[in-house]
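Shown next, in structure tokens, is the structure this report addresses.
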Amino acid sequence: MELYKYLPKTNCKECGKPTCMAFALDLLQGKVKVDDCTPLLEPKYKKQYETLKELLGAEEGIIKELKINVDTDLCDGCGICVTVCPVNARYCPPTLSGKAPDYPPEKHQLFQVKGGKCELLNLEHCRRLESEGRERECRVCETYCPREAVKIEYV
Amino acid sequence: MRKIPCSGCSLLCDDIIVRSDGIFIDEVIGACLKGKERFDQVTAKNRIVTPMIRDDSDLKKSSWDEAFKKVTKLLKNSNKPLLYGFSTVSCEAQLKGLELANLLNGFIDSNSTICQGKVLNMAKETGLTLTTISEAINKADLLIVWGANAAESIPRLFNKTLFSRGKFRMTGREIKTLVIIDPVKTASFGVMGVRDIALQINPGEDINLIKVLKEECCNPGSIASEGVAGIDNDDLKRLLLHLTGAENGIIFIGQGLLKTQSKKSVIRELLELVQMINVKQQKGRISVILIGGHYNMLGFDHVALSNYGKNHSLQFSNNQLIDTDDTIVSKIEREDFDCSIIVGTDPISHLPQELSKKLAKKPLILVDNKKSATLRIADVVLPSTITGIESEGLAFRLDHVPIELKKIVNPPSNIFSDEEILNQIIEKFKLK
Ligand code: SF4
Ligand code: SF4
Ligand code: SF4
Ligand code: SF4
Numbered sequence: 000m001e002l003y004k005y006l007p008k009t010n011c012k013e014c015g016k017p018t019c020m021a022f023a024l025d026l027l028q029g030k031v032k033v034d035d036c037t038p039l040l041e042p043k044y045k046k047q048y049e050t051l052k053e054l055l056g057a058e059e060g061i062i063k064e065l066k067i068n069v070d071t072d073l074c075d076g077c078g079i080c081v082t083v084c085p086v087n088a089r090y091c092p093p094t095l096s097g098k099a100p101d102y103p104p105e106k107h108q109l110f111q112v113k114g115g116k117c118e119l120l121n122l123e124h125c126r127r128l129e130s131e132g133r134e135r136e137c138r139v140c141e142t143y144c145p146r147e148a149v150k151i152e153y154v
Numbered sequence: 000m001r002k003i004p005c006s007g008c009s010l011l012c013d014d015i016i017v018r019s020d021g022i023f024i025d026e027v028i029g030a031c032l033k034g035k036e037r038f039d040q041v042t043a044k045n046r047i048v049t050p051m052i053r054d055d056s057d058l059k060k061s062s063w064d065e066a067f068k069k070v071t072k073l074l075k076n077s078n079k080p081l082l083y084g085f086s087t088v089s090c091e092a093q094l095k096g097l098e099l100a101n102l103l104n105g106f107i108d109s110n111s112t113i114c115q116g117k118v119l120n121m122a123k124e125t126g127l128t129l130t131t132i133s134e135a136i137n138k139a140d141l142l143i144v145w146g147a148n149a150a151e152s153i154p155r156l157f158n159k160t161l162f163s164r165g166k167f168r169m170t171g172r173e174i175k176t177l178v179i180i181d182p183v184k185t186a187s188f189g190v191m192g193v194r195d196i197a198l199q200i201n202p203g204e205d206i207n208l209i210k211v212l213k214e215e216c217c218n219p220g221s222i223a224s225e226g227v228a229g230i231d232n233d234d235l236k237r238l239l240l241h242l243t244g245a246e247n248g249i250i251f252i253g254q255g256l257l258k259t260q261s262k263k264s265v266i267r268e269l270l271e272l273v274q275m276i277n278v279k280q281q282k283g284r285i286s287v288i289l290i291g292g293h294y295n296m297l298g299f300d301h302v303a304l305s306n307y308g309k310n311h312s313l314q315f316s317n318n319q320l321i322d323t324d325d326t327i328v329s330k331i332e333r334e335d336f337d338c339s340i341i342v343g344t345d346p347i348s349h350l351p352q353e354l355s356k357k358l359a360k361k362p363l364i365l366v367d368n369k370k371s372a373t374l375r376i377a378d379v380v381l382p383s384t385i386t387g388i389e390s391e392g393l394a395f396r397l398d399h400v401p402i403e404l405k406k407i408v409n410p411p412s413n414i415f416s417d418e419e420i421l422n423q424i425i426e427k428f429k430l431k
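Okay, here's the thing in structure tokens:
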């Protein structure tokens, strides 16, 4: 969360978001602009404001889409992403015991391992798109993949 | 579509979904890459599809009849046959192997000798607290991986034991602490979270660490301030706190510790430490799971122990088991054999070079399903089915739970299972 670092982190809600973290996420996705955080315009945050502007550059305000990339060259099908993803945990009970979900996949299921490699199934059910609040900041698949094969991106 | 166990490694995951028409395997869902490769072996290029006999210097295709004749001849002429391998075959085949060794008055050993066999032996004196994978899934709160790159040798081990949530709670990873003790930063370190403990120990100093832990257990406050074996004092204290406070701790012992041949006592010290903690512990306990690579290495120990009373390195004479300290290594070193039967393994590439050279000098009968370095020096080659895919059988999972392997596709025509091949050798030998 590169962008979050430079926000005031006071969770004052002036921007209409519940937390600065939520604001940062929307900033990343191009849904809001730096100027929407009014406290940032105060002189004491001048430096941070400028850094944010610089970081985002011309990309500021351009709506971006969530992408989860699985690098199949790196992946060895360990199935950790299948087990840790909270959406899978909710809709595919076998993953609670670390087992492979049933087949054919449940309609919410996000990841499955097929032919020894991980496959992304239904990105639209990812918590980053469907949930509210803190859950929207989910990143566990990327964090725990031992091979660093999962990358969450906004493009 | 069927749910079957995978025989890719000793975890024997029983949740693999396979779509097949009985001839080819169309899809494998749930298995890791290693498991997938095992299923691919069915149609692999390096598959052996006919029996072969060495004629002058070349291996030539032969009929089963000719091959068995040659085997019988070699065995009739042999006084000290050596049987080795048996960790990638079913328990049924292992039983046949033992029967054959008994009949031939030979020496039989499995890959377990140079791996976990000696631990199980040692456990007779020190005791051994075992546990199962289900316990790890449902109840474990501490996982210690010692000397094993689990992420590579058993790809789904972390998935099952560390990330699973289990039956009794909704949280999984959060309440399980992972400790990895290894001299090198392996891929397994990639699953570490903030609360976990990564200990990069100096190579070969595991024993010092264990001794210090034992000492500290009896006599708190005795850790030297500079730490031990490259691990600092704070980490040591945290490790000990987890060891003595865990409700259900599991130590996975890997090849790194098992293979240290020179320092036999490492494992003994570790087992003693575990027993010490368990005696002192009121609420919880620490148990041990040995990580072996081959899918049924443990099976041999069980089959041999329950049928003949010894788990590895069995020497038969006058059709009876006799006492010996020999292992496969010492046997080959002293060249105390005149013919060998190798089943489902590739000693020529696994054993140190001077041993494999000695093994290659004597007639060698190979029972296997894929071409290997050993095939290049074999005198007779008997191709077998792939157990768990083309034939069924029993195998022991790394936590000593027996799993029934299934048959899902037919083997290539004229190929028999290891069990049938060994049985044929026995029958043909008895005839003449
Ligand atoms: S206005 Fe700025 S400081 Fe206030 S909550 Fe939003 S991002 Fe945080
Ligand atoms: S970000 Fe969270 S919800 Fe989305 S795929 Fe990854 S683990 Fe699942
Ligand atoms: S966690 Fe990573 S390596 Fe494991 S299956 Fe998922 S993408 Fe592949
Ligand atoms: S972990 Fe082992 S048993 Fe499980 S799918 Fe992978 S290779 Fe097969």
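Heads up: the protein sequence lines correspond to chains A and B, in order.
Quick note on numbering: numbering that gives the first Met the number 0 labels position 16 of the first sequence as 15, and the sequence is numbered without any gaps.
Quick note on numbering: numbering that gives the first Met the number 0 labels position 383 of the second sequence as 382, and the sequence is numbered without any gaps.
Glycine included, C-beta positions come from ideal geometry on N, C-alpha and C.
Taking 9 Å as the cut-off, the beta carbon of A:L39 is found no closer than this to the beta carbon of A:L27. If you draw a straight line from the Cα of B:K175 to the Cα of B:A147, it comes to about 19 Å. For A:L6, the Cβ falls inside the 8 Å cut-off from some heavy atom of ligand 1. With a threshold of 9 Å between beta carbons, B:V144 makes no contact with chain A. By the C-beta criterion, the segment 137 to 156 of chain B is judged not to be in contact with the segment 271 to 282 of chain B, since fewer than 3 inter-stretch pairs fall below 8 Å. Inside the segment 228 to 310 of chain B, DSSP marks whole alpha helix (DSSP H) runs of 4 or more residues at positions 232 to 244, 254 to 257, 264 to 279 and 296 to 307, from first to last along the chain. When the alpha-carbon of B:C338 is set against those of B:V70, B:W63, B:R53 and B:G248, the nearest one is in B:V70. Neighbourhood of ligand 4, defined by CB distance below 6 Å to any of its heavy atoms: B:C5, B:G7, B:C8, B:L10, B:L11, B:C12, B:A30, B:C31, B:K33, B:G34, B:I153, B:P154 and B:R155, in chain order. For A:R146, the nearest beta carbon of chain B is closer than 9 Å to its own beta carbon. Listed along chain A are T82, A88, T94, L95, S96 and G97, each with a C-beta nearer than 9 Å to that of B:R164.
One alpha carbon belongs to A:E53, the other to A:C36, and they sit about 16 Å apart. For B:P346, there is no enclosing beta strand (DSSP E); the enclosing alpha helix (DSSP H) has its first and last residue at P346 to H349.
Residue-level contact check: B:V88 does not touch chain A, since none of the beta carbons of chain A fall below 9 Å from its beta carbon.
Put simply, the backbone Cα of A:V112 is about 18 Å away from that of A:K66. Taking 9 Å as the CB threshold, A:Y143 lines the interface with chain B. Taken in chain order, the unbroken stretches of alpha helix (DSSP H) that lie wholly in the segment 105 to 183 of chain B and span 4 residues or more are 116 to 125, 132 to 137, 149 to 152 and 156 to 160. The beta carbon of A:Y48 does not come within 9 Å of any beta carbon belonging to chain B, so the residue lies off that interface. Cβ neighbours of B:I132 within its own chain (closer than 6 Å, five residues either side excluded): D398. Within a 10 Å sphere around the beta-carbon of A:P42 sit fewer than 16 other beta-carbons, which makes this residue exposed.
Along the segment 109 to 140 of chain A, the positions whose C-beta sits under 9 Å from a C-beta of chain B are Q111, V112, K113, G114, G115, K116 and V139, read in chain order. Residue environment: A:Q108 is assigned as buried (16 or more neighbouring CB atoms within 10 Å of its CB, all protein chains considered). Chain A has a Cβ within less than 9 Å of the Cβ of B:V190. Its Cα nearest to that of A:R89, the residue A:K106 stands out among A:E49, A:Y5 and A:K106. Neighbourhood of A:D75 in chain B, by CB distance below 7 Å: C31, L32 and P154, in chain order. Scanning chain A for C-beta atoms nearer than 8 Å to the C-beta of B:V27 yields K113, G114 and G115, reported in chain order.
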